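Colleague: Structure provided below as structure tokens; questions to follow.
There are 2 protein chains.
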Amino acid sequence: MNIEIITIGDELLIGQVVDTNSAWISSKMSNAGFDVTYITSIKDRKEAIYNAVEDGFERADILLLTGGNGPTKDDITKNTLCKFFDEELIFDNEVLKNIETQFKEKKIEINELTRNQAYVPQKSTVIQNRVGTAPILWFEKDGKILISMPGVPFEMRWAMNEEIIPRLTKRFQTKRFLKEVFYTHGITESGLAIHLNNFEEQLPSEFGLAYLPGGGVIRLRLSVKGDEHADEMNKQANKLKTLLGDYLLAESDDPLQQILGNTLKDNGMTISLAESCSGGYIAHLLTNIAGSSAYFLGGVVSYSNSAKMNLLNVKQTTLDTHGAVSQQAVEEMAKGAIDAFGSDCAIAVSGIAGPDGGTEEKPVGTVWICTICKNKMVSREYSFGKSRENNKRRSAVMAMVQMLRCMA
Amino acid sequence: MNIEIITIGDELLIGQVVDTNSAWISSKMSNAGFDVTYITSIKDRKEAIYNAVEDGFERADILLLTGGNGPTKDDITKNTLCKFFDEELIFDNEVLKNIETQFKEKKIEINELTRNQAYVPQKSTVIQNRVGTAPILWFEKDGKILISMPGVPFEMRWAMNEEIIPRLTKRFQTKRFLKEVFYTHGITESGLAIHLNNFEEQLPSEFGLAYLPGGGVIRLRLSVKGDEHADEMNKQANKLKTLLGDYLLAESDDPLQQILGNTLKDNGMTISLAESCSGGYIAHLLTNIAGSSAYFLGGVVSYSNSAKMNLLNVKQTTLDTHGAVSQQAVEEMAKGAIDAFGSDCAIAVSGIAGPDGGTEEKPVGTVWICTICKNKMVSREYSFGKSRENNKRRSAVMAMVQMLRCMA
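Structure (structure tokens):
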């Protein structure tokens, strides 16, 4: 069964908004055993929507739409879908009641545009949106299904989790998607491909092995569909683990910050941060994890030399002699964080993010990372590259990798 | 002239990677006056690629492809495109030389898979990739153009900026896309739509007005194509500004963190942060801006009470009497940041991000923000919602909004 996603919105086609909905939906569907084969982003236009739906149904059985609805959008999507499915719009008092309840909670008056959201197709299934005002619409025709959801990520996620995935799973009983994900580090993508050449050749044809590089680590995803392959999956995963040896960093599909958080929790340890060039990005990643306050005590973003000295006790002579981007400075920063927060572990990062500030000796992309875990301290110099964004991202990823290695 | 983007990669269809390339390309193309009308994401499969290219050319004149190339990908994209354009692959020594130069710099040996990237279509234009190993391929047939780029964002961006956009602009001399973007705050999307109803009705048909809501602010984009409309654009933009009145926060297409940074720079002021529930996200956003070290002195991510007390001088009695999420605590945090960093301005944020930690009196989503600008201090309570991710995001956006209002 093929499933396609269509995301609607002019903002996507001029690049003012990144389409994060598609990846989120794909990930959820894939974990539920459904196969997303195509993603399309189109403009808020009748013709574009009609054609995309028509083309989509030529390939797929189920279309998941997001966006193109909402009070100011003139309901182009709703009207176009009604035309496609040959439906009439009628006013639905239950939808209005749902909107009224939400507006009462927020103490806002309902205006006419919002009230219009209660117009829904007469024959299709209307699913109440409990976290927003645009109802979720479920159309069916000739064995094909189209589900139209709001584009607001929070509302779409609620709809998928609470309504769409449970209904689809119940109805289609699809095969489960089995996967094992391995974080690897210390080898290039092509080096890894050569290293795993024989493994890939002996892999049964139902299995897939995907390389997912990013930020200096490569995730390997071994996958297969159907519980009947569970034993073989186990065997192959063990074979792969052995082959990876020291390249293996972690066996998990979680993001690195979650893996680090779990490791800290499992060891009953706390962590703090001293961030210079990563600029708070590591703190942001760690605190994205619910419950992180159990092990993350805090951090200092020491973007100025005075902050390094006043808050982290970095010595003036260290900065004068070695500079802020040096082994000495980053080690004093890490020790300063341990002292300031009273944590068991600490990460300190200092580097030249760019685009300016580079020198012959320390070009843009030079980053020093120090990790402390109890009595163990590791310091390493990295050279990432010329992109500021990339340097922040790679600093954060490598800081977490180095911390995990330091704790191992 | 219609332009479509096709992004290739299994990782996109299972949601392990968010397709940020499409938004970036769309934004750049739109700013250069080109119209992206369709975005498709497909799997790394011969048939999927062939069909997507065939379908794309039925609608569009130019197709921009990213991904599906690289040493481990078995060059499915390259082979499929050669089939589509009826081309043969030949070994190109210049491409090899380019790869060799880069590998020498990084002190890595070239392996066979990487060497294979020097196989390129015989007749098409090969553009050297100076920041990676996969060459950029430019195919033409029957007045249609297809450009295949690497999927690595840094390499794709380099290719677009340095090679693709200059070549397309030179050749097609398109009309310039004029736009004015206004940040508004303090009114709902539907409220704004009603407020601007008459304005939209009088707007000449060549003009467009888009609503781009996010994080508690709504960006309004007024746009038109072609320099001949510049005078009218000016007139309409002024009319809109007057209508927006106090709802207008800033007139700019930059992200909020850039607007805040520019305002600080223009006023010769510095800023520091005391972040609790936003967890370093504001620091991350501020330091994403190149040159932010000129005004951003640093921040404390005070995720524990002891960090609030030790680093920001928040009083034990304040935490005991009012709690960490209170006007009193957030004001002491902001003052503590001013003292610790010696900055002119400070933002302090403390709230309950969720999913746990909420109470009857202070439910998840309750956030206090304090902003100080020289002698002016403003504190406000917000109630955002139930999503942790959203609470961090809205805390950051509202903190920057409140700071901008505080400085005005």
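So the sequences go chain by chain: A and B.
Residues in the first sequence are numbered consecutively from 826, following the working numbering.
Residues in the second sequence are numbered consecutively from 826, following the working numbering.
For each residue, glycine too, the CB sits at the ideal point set by N, CA and C.
The model shown is predicted, which means the values in this text are computed figures rather than measured ones.
Report the rounded CA-to-CA distance for B:S1048 versus A:G834, giving the unit in angstroms.
Modeller: 16 Å
Colleague: With B:I901 as the anchor, note down where its alpha helix (DSSP H) starts and where it stops.
Modeller: I901 to F909
Colleague: Could you check how far apart the C-beta atoms of A:D1078 and A:K1004 are, in whole angstroms? I think they sit under 8 Å.
Modeller: Contact flag correct, Cβ pair sits at about 7 Å.
Colleague: Give the range of the alpha helix (DSSP H) segment to which B:I990 is assigned.
Modeller: From DSSP, the alpha helix (DSSP H) with B:I990 extends over I990 to F997.
Colleague: Do three or more CB pairs link the stretch 1011-1029 of chain A to the stretch 926-941 of chain B at distances below 8 Å?
Modeller: Look at the beta carbons and you see the stretch 1011-1029 of chain A touching the stretch 926-941 of chain B: at least three pairs across the two are nearer than 8 Å.
Colleague: Alpha carbon to alpha carbon, how far is B:E1206 from B:F1007? Give it in angstroms, no decimals.
Modeller: 25 Å
Colleague: Can A:R1219 and A:G1179 be called in contact, C-beta distance under 7 Å?
Modeller: no
Colleague: For B:E912, which of helix, strand or coil comes out of DSSP?
Modeller: coil
Colleague: Is the shortest distance between the beta-carbon of B:T1191 and the beta-carbons of chain A less than 7 Å?
Modeller: no
Colleague: Could you pull the DSSP bridge partners for A:T1191 from this structure?
Modeller: A:S1208
Colleague: If contact is defined by three or more beta carbon pairs under 8 Å, each pair taking one atom from either stretch, is the stretch 1126-1136 of chain B in contact with the stretch 1112-1121 of chain A?
Modeller: yes
Colleague: What do you get for A:L1136, buried or exposed, if any count of 16 or more other CB atoms within 10 angstroms of its CB means buried?
Modeller: Flag for A:L1136 reads buried.
Colleague: Would you report the Cα separation of B:D943 and A:L1034, rounded to the nearest angstrom?
Modeller: Checking the displayed sequence, the identity of residue 943 of chain B turns out to be Ala instead of Asp. Approximately 25 Å between the Cα atoms of the pair.
Colleague: Should B:Q998 be labelled buried (16 or more other beta-carbon atoms within 10 Å of its own) or exposed?
Modeller: exposed
Colleague: Can you tell me whether A:K1004 is helix, strand or coil according to DSSP?
Modeller: Assignment of A:K1004 by DSSP, reduced to helix, strand and coil, places it in the strand class.
Colleague: Assuming contact is defined by CB atoms lying nearer than 7 Å, are A:G946 and A:N954 in contact in what I supplied?
Modeller: Note that residue 946 of chain A is Pro in the sequence shown, not Gly. For A:P946 and A:N954, no; Cβs fall outside 7 Å.
Colleague: List the endpoints of the continuous beta strand (DSSP E) containing A:N1200.
Modeller: Where A:N1200 is concerned, there is no enclosing beta strand (DSSP E), given that its DSSP letter is neither H nor E.
Colleague: Can you give the Cα-Cα distance for B:R1046 and A:T832, rounded to whole angstroms?
Modeller: 20 Å
Colleague: Let me know if B:G1093 comes out buried or exposed under the rule of 16 or more other beta-carbons within 10 Å of its beta-carbon.
Modeller: exposed
Colleague: Any C-beta of chain B sitting closer than 7 Å to the C-beta of A:H1020?
Modeller: no
Colleague: Based on the DSSP output, what are the partners of B:E1076 in its beta bridges?
Modeller: B:F1007
Colleague: Which word fits A:T994, buried or exposed, when buried means at least 16 other C-beta atoms lie within 10 angstroms of its C-beta?
Modeller: With fewer than 16 other beta carbons inside 10 angstroms of its own, A:T994 counts as exposed.
Colleague: Taking the runs of the alpha helix (DSSP H) that are 4 residues or longer, which of them lie wholly in the stretch 1106-1172 of chain B?
Modeller: 1106-1112, 1130-1137, 1141-1147 and 1152-1166
Colleague: If the cut is a Cβ gap below 7 Å, which residues of chain A does B:E836 touch?
Modeller: A1035 and L1037
Colleague: Looking only at C-alpha atoms, which of A:V920, A:F1002, A:I830 and A:I839 sits nearest to A:G858?
Modeller: A:F1002
Colleague: Which residue comes first and which comes last in the alpha helix (DSSP H) that contains B:L1089?
Modeller: Under the DSSP assignment, B:L1089 falls in the alpha helix (DSSP H) whose first and last residues are L1081 to D1091.
Colleague: In the stretch 1115-1144 of chain A, which residues sit with their C-beta less than 8 Å from some C-beta in chain B, listed in chain order?
Modeller: A1115, G1116, S1117, S1118, F1121, L1122, G1123, G1124, V1125, V1126, S1127, Y1128, S1129, S1131, A1132, N1135 and L1136
Colleague: Does the beta-carbon distance from B:A1103 to B:V1189 come in below 7 Å?
Modeller: Looking at the sequence provided, one finds Ser at residue 1103 of chain B rather than Ala. No.
Colleague: Does DSSP put A:K966 in a helix, a strand or coil?
Modeller: In the structure shown, A:K966 sits in a strand (DSSP, three-state: E or B).
Colleague: What's the C-alpha gap between B:P975 and B:G957?
Modeller: 8 Å
Colleague: When the distance is taken between beta carbons, is A:D886 closer than 7 Å to A:K948?
Modeller: no
Colleague: Over what stretch of residues does the alpha helix (DSSP H) that includes B:E829 continue unbroken?
Modeller: Segment N827 to I833 is the beta strand (DSSP E) holding B:E829; no alpha helix (DSSP H) there.
Colleague: Look at the alpha carbon of B:A877 and the alpha carbon of B:T865, and state the distance between them as a whole number of angstroms.
Modeller: 8 Å
Colleague: Which residues does DSSP list as the beta-bridge partners of B:R1243?
Modeller: Beyond the ends of chain B as shown, which are 826 and 1233, falls residue 1243 of chain B; an answer cannot be given.
Colleague: Which residue marks the beginning of the alpha helix (DSSP H) containing B:S851, and which one marks its end?
Modeller: T845 to N856
Colleague: From the DSSP output, in three-state form, read off B:M1094 for me.
Modeller: Residue state, collapsed to three classes: coil.
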